[in-house]
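Under the numbering used here, the residues of the sequence shown are numbered 8 to 530, in order.
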Amino acid sequence: MRNDFGFYTFTWTIRNFSFCQERKGYYLESPKFVLETCGETEWKLVLYPYGHDIEGYIACDLRLLSQISITATSTISIDGVDGFSHFSIERINQKFPNDAFSGIDSFVKRDEIFANKSFYLPKDTLTIRCEIRRWITEKPLIKLCSIRSEIGIKHISVPWDIKHFSGLQLNQVLKFPLSLNLKNEPHFEIHLYLDGNASDSSLRIDIKKESLKGFGQNYGSSIMIYCEASILDSKGIPCLSVEGMRFFDTSASDVVWKLPEIAKRVDLNTKKNLYLPDDVLLLRIQLDVSNGGMQSLPAEVHAVYPESRCVRPNSTMEHDFKLLYQEKNLCDIALKTASKTFEAHKAILACRSPVFKAMFEHDMVENSSGIVNISDVDPKTLEYMLFFMYANQLEDAVDTKSAIQLYCAADKYQINSLKECCYPILKSLVSAENVCEVLSLAYKYHDEPLKTIAKAFICKHPKETMDSGVWERLMEEKWSEPSQMDFFAGKVAPLNETESAFSISDDESYEKVVTMPKKKLKV
């Protein structure tokens with residue numbers, strides 16, 4: 008019977024995440040996904056936007072829906088705009104099913120995510136990554152599945168022109184009925200007034216929830232509202248704005264939502280020609296309203312076997328792009344290494360690599376000269392990389408050394424699809440002579456899947472690895488820190504069979520992985 012490694016990555020993207028209404032103890036569910044390497048079992052992710060038990064945290068749980076018992080290792084993390092995983096938490100040899108909550112209660116602080124929205128919530132989109140690993144007896148498989156969910160939002164724009172603004176008295180309230188277009192019944196009012204005293208008054212805007220009778224039947228028992236109120240200048244361009252977000256419970260009594268001060272009256276009067284043309288204050292209220300309802304698109308699934316070499320299905324377009332690369336027609340950029348120059352097309356490079364895209368979009372010397380100097384990628388690796396960028400496949404000549412160099416180049420130029428194609432090659436060609444180099448690469452780039460590939464080989468071939476001569480040098484040069492040796496040497500937290508990241512059936516081989524480094528390194 009053949010023991011091999013099955014790796015599954017599930018990516019769940021939630022758009023409009025700020026509009027989640029699930030309070031503490033309530034959760035969002037991902038669509039179901041199926042793991043063939045776990046006996047066609049069904050799974051799902053459960054996310055608690057406001058925490059499960061601990062206030063101020065986002066909680067997450069991985070659940071097995073099928074009624075069988077499975078042990079697997081999982082890692083859950085959040086993707087940043089840099090393309091890397093953050094806040095990674097690994098659960099080793101976790102037993103499923105888990106009928107009660109057995110997830111990560113303190114997964115990540117809510118405030119940390121929302122304080123860095125541009126990094127963790129680009130365009131208000133949260134991306135959760137779940138990696139599941141276990142040993143299997145069938146054909147080795149690396150499977151990638153992604154699902155996009157979206158919380159529904161209703162966009163409402165309210166123009167409000169206030170004539171004779173100079174006549175507005177202190178604390179006089181102007182009201183504007185706000186309809187959410189549900190049977191044309193207004194449920195909210197926008198209030199505008201001057202607050203303060205005669206010498207120092209501020210323009211304020213409130214949103215008052217009056218009666219939501221009938222609203223729950225149409226839209227749900229609660230709603231989330233994002234509001235941006237803007238004063239337009241004489242040309243109709245927003246120049247002064249305030250914004251905020253508020254959760255409304257329909258069962259609560261009348262609620263007044265006070266937005267921050269939008270302007271001082273004296274400032275408006277000082278620039279009347281700009282802010283008060285013909286004594287008219289031009290307001291625009293933009294509202295995004297959601298009841299938290301979520302929809303998901305069909306899953307995108309990609310399966311890669313080591314033998315496949317990551318070759319994509321043939322198509323006319325791929326054939327044409329391959330010819331474009333080979334014939335070098337209409338090239339407009341040159342990539343220059345120390346010994347060789349490659350002609351290419353800016354549009355192709357920019358489309359495939361965010362790094363090249365930024366280089367060509369900005370007024371950089373490479374863009375004006377038409378030459379990009381590549382000093383840290385050898386000519387052969389650059390040739391392989393360019394071929395992949397055009398043809399969307401790797402050449403058959405790529406070996407382990409080339410795959411390692413390609414991986415580094417793909418990381419530098421942020422070509423994630425190329426990195427993914429390096430996994431099956433490294434897995435199928437890993438050996439006692441190169442596994443340490445693969446492992447070193449994985450630690451350098453904080454790549455958990457690559458670490459797992461190397462660790463799996465070492466667990467299966469401990470003696471060959473230790474006797475290769477590379478192992479001891481690697482441990483001495485790369486992993487002098489205890490935290491980096493714990494998996495192999497057990498110096499910090501000695502491993503036992505139940506703590507292992509893999510289900511190793513060969514106890515003798517497993518013991519060698521734990522104890523041999525200690526002996527060799529005299530730990």
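Where is the CB? At the ideal position from N, CA and C, for every residue including glycine.
Small disclaimer: the values here were computed from a predicted structure and weren't measured.
Member of the options whose CA lies at the smallest distance from the CA of residue i
i    : options                : result
F328 : L304, D339, T348, I355 : I355
T407 : E49, I465, I96, E440   : E440
R30  : W19, G63, I244         : G63
A341 : E196, G377, K278, I61  : G377
V262 : I197, D295, Q179, L433 : I197
S297 : C234, F367, L330       : C234
C466 : S438, D68, M231        : S438
Q74  : D86, V273, T48         : T48
K387 : S346, D418, S37, K426  : S346
I99  : R141, T134, D86, S113  : R141
Q333 : S156, T16, M396        : M396
C443 : K51, A463, S424        : A463
N165 : L181, L177, C358, L185 : Sequence inspection shows Val at residue 165; the Asn mentioned does not correspond to that position. Ranking L181, L177, C358, L185 by Cα distance to V165 puts L185 first.
S173 : A417, I154, L42, S208  : S208
R272 : L337, K265, L288       : L288
L266 : L413, T20, D213        : D213
I169 : T132, I238, K116, L177 : I238
G58  : V41, L72, L69, G32     : G32
Expected contact under 8 Å - CB spacing of residue i and residue j to nearest Å
i    : j    : result
V445 : I460 : 7 Å
I160 : N23  : 6 Å
R211 : E250 : R211 to E250, Cβ: 14 Å. No contact.
I111 : I83  : 6 Å
Y420 : F349 : At roughly 14 Å, the Cβ-Cβ gap does not stay under 8 Å, so Y420 and F349 are not in contact.
T344 : L389 : 6 Å
G299 : F121 : That belief does not hold up - the Cβ atoms of G299 and F121 are roughly 17 Å apart, past 8 Å.
F195 : K215 : 7 Å
S37  : I158 : About 13 Å; that fails the 8 Å criterion.
V405 : Y391 : 6 Å
Limits of the unbroken alpha helix (DSSP H) element including residue i
i    : result
I163 : No alpha helix (DSSP H) contains I163, which is instead part of the beta strand (DSSP E) from 161-169.
Y450 : 442-451
R272 : 272-277
Y391 : 386-398
Classification of residue i by the beta-carbon crowding that lies within 10 angstroms, buried from 16 upward
i    : result
D89  : exposed
T472 : buried
F255 : buried
H369 : exposed
Q302 : exposed
A66  : buried
S229 : buried
H352 : buried
S360 : buried
V384 : buried
D513 : Confidence at D513 is low in this model, with a pLDDT of 36, below 50, so its placement is unreliable and the value that follows should be read with caution. Per the 10 Å Cβ criterion, exposed.
N380 : exposed
T134 : buried
N399 : buried
S375 : exposed
E314 : Bear in mind that a pLDDT of 44 at E314, under 50, signals an unreliable position, so the model cannot answer this.
H171 : exposed
P501 : Note on P501: pLDDT 32, under 50, position unreliable in the model; no value is reported.
S76  : exposed
D339 : exposed
Y517 : Residue confidence is low: Y517 scores 31 on pLDDT, short of 50, so the model does not pin down where it sits. Its coordinate-derived value is still stated next. It is buried - the Cβ of Y517 has at least 16 other Cβ atoms within 10 Å.
G243 : exposed
A205 : exposed
P129 : exposed
Range covered by the beta strand (DSSP E) that runs through residue i
i    : result
G71  : According to the sequence displayed, residue 71 carries Leu and not Gly. Where L71 is concerned, the enclosing beta strand (DSSP E) stretches over 64-71.
P245 : 245-256
K102 : 92-103
S125 : Premise fails: S125 lies in the alpha helix (DSSP H), 124-127, not in any beta strand (DSSP E).
F26  : No beta strand (DSSP E) contains F26, which DSSP labels as neither H nor E.
D112 : 111-116
Y55  : 48-55
D295 : 288-297
Per DSSP, the bridge partner or partners of residue i
i    : result
G203 : S208
S1   : Residue 1 cannot be examined here, being either before or after the span of the chain that is shown, 8 to 530.
A351 : I340
R140 : F14, T80
N380 : K343
T132 : R22
H198 : K182, D213
E368 : Answer is none; E368 lacks a bridge partner.
R5   : Because the chain spans 8 through 530 in this model, residue 5 falls outside it and cannot be assessed.
S229 : D256
CB contact below 9 Å: residue i versus chain D
i    : result
K182 : Of the protein chains in this structure there is only one, and it is not chain D.
Contact test: residue i Cβ vs the ligand SAM heavy atom, cutoff 8 Å
i   : result
Y55 : Although the ligand SAM was asked about, the structure shown includes no ligands whatsoever.
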